[in-house]
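Undergrad: Under the numbering used here, the first residue of the sequence shown is numbered 69, with each subsequent residue one higher.
Note that beta-carbon positions come from the ideal geometry of N, C-alpha and C, so glycine has one too.
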Amino acid sequence: TGYITEGQLVLSRDLHQRGIFPPLDVLPSLSRLMQHGIGAGRTRADHRAIANGLYRCYARGRELRRLEAIVGRDGMLAGDRRLLDFADRFEAAFIAQSERRSVAATLDAGAALLREFGEEGK
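Below, the structure is given as structure tokens:
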């Protein structure tokens, strides 16, 4: 059409097969305008830091799943197992949306998850 959309949502067959709905694959999905709609005066000052932290930890956890398939979870370092657990929790708490929640509540939950896994402020 010649138009650039605001963003793209990518669905995941793997998430669907594991019963995670909506099966939204957040890593390749994107929003071109997010940077203009978040932060102090729009959502809250720590919005970008929380989003970046969640993305970073989830991406690393997803990468480690390939290694886990080869060596098993028990054969991995404690820090790597922690990131695998983070990826599982992120999918259960953020991708599988079993409840309606505000942006503020979502950011609070994201910050709590990062704190729980020692990733806040990294």
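Taking the alpha carbon of glycine 147 as the reference point, which residue from Ser80, Gly186, Asp114 and Ala180 has its own alpha carbon closest?
TA: The residue with the shortest Cα to Cα distance from glycine 147 is Gly186.
Undergrad: Could you check the C-alpha separation between histidine 104 and histidine 115 for me, to the nearest Å?
TA: Distance between the alpha carbons of histidine 104 and histidine 115 is about 12 Å.
Undergrad: What residues in its chain sit with their C-beta under 7 Å from that of valine 171, if we drop five residues either side in the sequence?
TA: The answer, listed in chain order, is Thr111.
Undergrad: DSSP state of glutamine 85, grouped into three classes?
TA: Residue state, collapsed to three classes: helix.
Undergrad: When the Cα of glycine 87 is compared with those of Gly140, Leu181, Val139 and Ala160, which residue comes out closest?
TA: Residue Ala160 is the option with its Cα nearest to glycine 87.
Undergrad: When DSSP labels each residue in this structure, what does leucine 101 get in the three-state scheme?
TA: Three-state DSSP puts leucine 101 in coil, outside helix and strand.
Undergrad: Taking DSSP as the reference, what is the three-state secondary structure of glycine 107?
TA: Looking at glycine 107 - three-state DSSP - the assignment turns out to be coil, as it is neither helix nor strand.
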